[in-house]
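At position 451 of the sequence shown the residue is numbered 451 (UniProt numbering), and the sequence of numbers has no breaks.
Glycine included, each C-beta is placed from N, C-alpha and C at the ideal position.
Keep in mind that this is a model prediction, so the values were computed, not measured.
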Amino acid sequence: MGFVQRVLKRLPSTPNLPIMDEKKTKKITSRLAFFRRPLRLRGNSNISIPLGVVLLFPCIVVVLILVLFVRHPKSGVGILMPAGAPPAIRKISEEHDKVFVTGCLEPDTSQPRANAAFVVLARNKELDGVIQSVKSIERHFNRWYHYPYVFLNDAEFNSTFKETITNYTSAPCEFGTIDPKMWGFPDWIDPKVAKEGIAKQGDAAIMYGGMESYHAMCRFYSGFFYKHELLEKYEWYWRLEPEIKYFCDITYDPFLRMIESNKTYGFTIAVKELKETVPNIFRYASAYKRVNNLTSQGLWEMFVEPQPEPKDVPADDPKFKHPLPEEILRGDPNHASIPEIDPEAMEGEKYNMCHFWSNFEIAKLSWFRSKEYEDFFQTMDRSGGFWMERWGDAPIHSLAAGALLAPKDIHYFRDFGYRHTTIQHCPANAPARQMPRSPFLEKTTKDEKKRREEDEYWDSWDPVKENGVGCRCRCDTDIVDVEGKQGSCLAEWVDVAGGWASP
Numbered sequence: 001m002g003f004v005q006r007v008l009k010r011l012p013s014t015p016n017l018p019i020m021d022e023k024k025t026k027k028i029t030s031r032l033a034f035f036r037r038p039l040r041l042r043g044n045s046n047i048s049i050p051l052g053v054v055l056l057f058p059c060i061v062v063v064l065i066l067v068l069f070v071r072h073p074k075s076g077v078g079i080l081m082p083a084g085a086p087p088a089i090r091k092i093s094e095e096h097d098k099v100f101v102t103g104c105l106e107p108d109t110s111q112p113r114a115n116a117a118f119v120v121l122a123r124n125k126e127l128d129g130v131i132q133s134v135k136s137i138e139r140h141f142n143r144w145y146h147y148p149y150v151f152l153n154d155a156e157f158n159s160t161f162k163e164t165i166t167n168y169t170s171a172p173c174e175f176g177t178i179d180p181k182m183w184g185f186p187d188w189i190d191p192k193v194a195k196e197g198i199a200k201q202g203d204a205a206i207m208y209g210g211m212e213s214y215h216a217m218c219r220f221y222s223g224f225f226y227k228h229e230l231l232e233k234y235e236w237y238w239r240l241e242p243e244i245k246y247f248c249d250i251t252y253d254p255f256l257r258m259i260e261s262n263k264t265y266g267f268t269i270a271v272k273e274l275k276e277t278v279p280n281i282f283r284y285a286s287a288y289k290r291v292n293n294l295t296s297q298g299l300w301e302m303f304v305e306p307q308p309e310p311k312d313v314p315a316d317d318p319k320f321k322h323p324l325p326e327e328i329l330r331g332d333p334n335h336a337s338i339p340e341i342d343p344e345a346m347e348g349e350k351y352n353m354c355h356f357w358s359n360f361e362i363a364k365l366s367w368f369r370s371k372e373y374e375d376f377f378q379t380m381d382r383s384g385g386f387w388m389e390r391w392g393d394a395p396i397h398s399l400a401a402g403a404l405l406a407p408k409d410i411h412y413f414r415d416f417g418y419r420h421t422t423i424q425h426c427p428a429n430a431p432a433r434q435m436p437r438s439p440f441l442e443k444t445t446k447d448e449k450k451r452r453e454e455d456e457y458w459d460s461w462d463p464v465k466e467n468g469v470g471c472r473c474r475c476d477t478d479i480v481d482v483e484g485k486q487g488s489c490l491a492e493w494v495d496v497a498g499g500w501a502s503p
């Protein structure tokens, strides 16, 4: 009751009113009396609360909720966006890369297609998830461009899988089995030791660490998929995973734009890896870079922690001196103690866990097939990290790109709306660049009403927004866009790409 008593004390009473005529005093007193009217908590209770407090309390709660919603101390821009809404859109410098197409175009199918294919790694039991992915990419892109699909499996695809998937696209489909040499344990590792390492990761609750097939999949996508016989004839690939969604119409050919812009690798999401899955990956990647005398072309810095600057003298000051190596400091009697060496640091650098999320990537296969990439993969593979740790293909591709490529070789598909599991990037729609959408009534849904409803959902796209780049995007609203989410590596990409072009 202490709170109630304090409120009662603060409510004005008649003696404290300024001197005025008797009529006005009575009028004000009667108004305040309404708010001081006691309300009993229970019918027979002796405890009562003034009506004013009852009315005031929910107002305070609403104000507090609004304050917490609008302002958040950990929010980078000071605003906590509602789930699913795109964050405040800032333009990125176009020094090394720019969005290929802002908004919509009328699809131009008159040009010859690139020598490219979609690549899908899946098993028979994942049929429903593959259908979801194929339907999505067909609706938003491939209904115009008809690029072929290559489906790969570590076992034989059954007839149900093949026949069903073929019905969902008018594009050619090929189905291949992965050679056991590309999938299982290599002959230079003891399978018993590898299995024990995998079991320990499972016991440690490392995500997917206890799944032997997941380790095999990551190694396959790191160093073998581009060697499969069904991909030998292709120059470009676009990776599709089961159970993914696209949110925007892609009305241009990204393969041709990558070729025209002399790009090598394209991504749409960059995030941080789980630290416990790759404790030693950076040691080997850094060693490869050092042994081959590779100098960063500007992309490596995206994947390393920024170096702290000396506090006393600015780096651009002529008097600035780099600190002496520890070997020399050890012999310096004036240097009382040696700072602890970070076990995760390599060559003075430390991995910041950033990587391009490779479940979506569009890339030039000749880069993966190059001697430089093959040497990098062999260095990483021979370490045993694909088995004794849970190295994913995403950090492998990313660190290889950091060592071998420059920012100008990379393209950020910021205009693509894409979701895999609980992470999505979905751009706002570009102002004055939207165009009417033609229906896509795919023939696999036999229920005519359901088929139309499914397509009509995409007729109501999201509102346009300043600096938006998307075409007819309709984003999921149950999760926040990765660009405004903790764990995103957008800022690291922007740093190497030339910085922000707008505040």
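Query	Result
Take Tyr252 as the anchor and find which of Arg123, Gln424, Cys489 and Phe100 has the nearest alpha-carbon.	Phe100
Which stretch, first to last residue, makes up the beta strand (DSSP E) that contains Glu174?	Cys173 to Thr177
Going by the DSSP bridge assignment, what does Arg452 pair with across the sheet?	For Arg452, which the question treats as bridged, DSSP gives no partner whatsoever.
Give me the Cα-Cα distance between Ile250 and Leu399, rounded to the nearest whole angstrom.	28 Å
Return the first residue and the last residue of the beta strand (DSSP E) that Tyr214 is part of.	Segment Glu212 to Gly223 is the alpha helix (DSSP H) holding Tyr214; no beta strand (DSSP E) there.
Helix, strand or coil, according to DSSP, for His420 in the structure here?	strand
May I ask you to list the residues that DSSP assigns as paired with Gly470?	Asn429
Can you tell me the Cα-Cα spacing of Asn280 and Gly417, whole angstroms?	33 Å
Taking the Cβ atom as the reference point for each residue, do Ala497 and Thr102 lie within a distance shorter than 7 Å?	no
Give the DSSP bridge partners of Cys365, in chain order.	Looking at the sequence itself, residue 365 is Leu, so the reference to Cys does not match. In the DSSP output, where bridge partners are listed per residue, Leu365 has none listed.
Beta strand (DSSP E) containing Gly385: first to last residue?	That residue, Gly385, is in no beta strand (DSSP E); its alpha helix (DSSP H) goes Gly385 to Met388.
With DSSP as the reference, label Phe270 as helix, strand or coil.	Looking at the sequence provided, one finds Ala at residue 270 rather than Phe. Of the three classes helix, strand and coil, the one that applies to Ala270 here is strand, per DSSP.
When DSSP builds the beta bridges, which residues end up paired with Phe356?	Ala270
Look at the alpha carbon of Cys489 and the alpha carbon of Tyr284, and state the distance between them as a whole number of angstroms.	22 Å
Look at the alpha carbon of residue 514 and the alpha carbon of Arg472, and state the distance between them as a whole number of angstroms.	This structure cannot speak to residue 514, because the chain is shown only from 1 to 503.
Quick check: the Cα distance between Phe360 and Ile423, rounded to an integer number of angstroms?	12 Å
Distance, Cα to Cα, Asp128 vs Leu121?	14 Å
Would you tell me roughly how many angstroms separate the C-alpha atoms of Ile189 and Phe220, rounded to the nearest one?	16 Å
Do you know whose CA, among Met302, Phe386 and Val482, lies nearest Ala403's CA?	Met302
How many Å lie between Gln395 and Glu260 at the Cα?	According to the sequence displayed, residue 395 carries Pro and not Gln. So the two alpha carbons sit approximately 27 Å from each other.
Looking at Phe377 and Gly223, is the spacing between their C-beta atoms short of 7 Å?	yes
Following the continuous alpha helix (DSSP H) through Trp493, name the residue where it begins and the one where it ends.	Leu490 to Ala497
Can you list, in chain order, the residues of its chain whose CB lies under 6 Å from that of Trp238, leaving out five sequence neighbours each side?	Phe118 and Ile362
State buried or exposed for Val304, treating a residue as buried only when at least 16 other CB atoms are found within 10 Å of its CB.	buried
Quick one: give me the first and last residue of the beta strand (DSSP E) that His411 is part of.	Ile410 to Tyr412
Please name the residue or residues paired with Ile92 in a DSSP beta bridge.	Trp500
Which of the three DSSP states is assigned to Pro254 in this structure?	helix
Where do the ends of the beta strand (DSSP E) carrying Phe377 lie?	No beta strand (DSSP E) holds Phe377; the alpha helix (DSSP H) holding it covers Lys371 to Arg382.
Helix, strand or coil for residue 504 per DSSP?	Outside the shown range of the chain, which is 1 to 503, sits residue 504, and nothing can be said about it.
Kindly indicate which residue of Ile60, Glu94, Lys443 and Phe185 has the alpha-carbon position closest to the one of Lys408.	Glu94
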